[in-house]
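In this note's numbering, the protein residues as written are 5 to 184.
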């Protein structure tokens with residue numbers, strides 16, 4: 005299914021003048037792999053099913069993921085990815101009810117700046133420090149951080165952030181930092 009997913013995603017991206025990152029492909033493949041494991045069939049074999057059969061199967065898949073102790077947000081994400089893949093195959097599943105995701109408003113659950121500093125001070129490993137800072141400032145979940153490549157990160161920083169504005173007044177060679 006990896007080649008099939010890659011082909012479909014790349015075709016869609018090319019038509020929009022974009023590229024698909026390996027991280028995105030891995031995210032789709034993870035969702036499809038768990039679906040295929042549940043089904044004990046290939047994803048492409050489900051493309052011949054009726055829409056109602058696919059929707060019923062996805063509901064059963066959600067129950068399976070709940071039994072596997074997956075977070076509701078993970079389950080919702082996997083269902084959304086599957087819906088997108090079906091849509092690429094001109095199968096519109098319409099609306100599928102999402103599971104409730106409880107966001108915490110408890111300020112004690114999130115580390116404050118001092119707690120982040122304490123964690124940073126426990127290591128001299130630059131890579132680990134960068135990951136901690138990235139997670140603390142980006143809002144990315146651990147699975148997103150572990151799937152991003154250095155190249156994707158650099159490309160994103162170069163295209164989405166005006167770091168020069170933040171670094172004004174400092175003697176920093178931004179290109180050298182991002183190219184190392």
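In this text, a Cβ means the ideal position worked out from N, Cα and C, and glycines have one as well.
Query: Every unbroken alpha helix (DSSP H) within the region 64 to 130, with a cutoff of 4 residues, ordered by chain; Result: 76 to 92, 117 to 124
Query: Integer-rounded CB distance, given that residue 58 should sit under 8 Å from residue 32; Result: So it is not a contact: roughly 17 Å between Cβ atoms.
Query: Span of the alpha helix (DSSP H), counted from its first residue to its last, around residue 16; Result: 6 to 19
Query: Contact between the region 11 to 28 and the region 43 to 58 (3+ Cβ pairs under 8 Å); Result: no
Query: Where residue 132 falls, given that 16 or more other Cβ within 10 Å makes a residue buried; Result: exposed
Query: Same chain only: Cβ atoms within 6 Å of residue 69, ignoring 5 sequence neighbours per side; Result: 79
Query: Span of the alpha helix (DSSP H) around residue 29; Result: 26 to 43
Query: Cβ-based neighbour list, residue 12, same chain, cut-off 6 Å, excluding 5 preceding and 5 following; Result: 92
Query: Residue 152, DSSP secondary structure in three states; Result: coil
Query: Beta-carbon proximity check, residue 38 vs residue 82, cutoff 8 Å; Result: yes
Query: Residues near residue 228 in its chain [Cβ-Cβ closer than 8 Å; skip 5 each side]; Result: Residue 228 is absent from the structure shown; the chain starts at 5 and stops at 184.
Query: Helix, strand or coil at residue 52 according to DSSP, with G and I counted as helix; Result: helix
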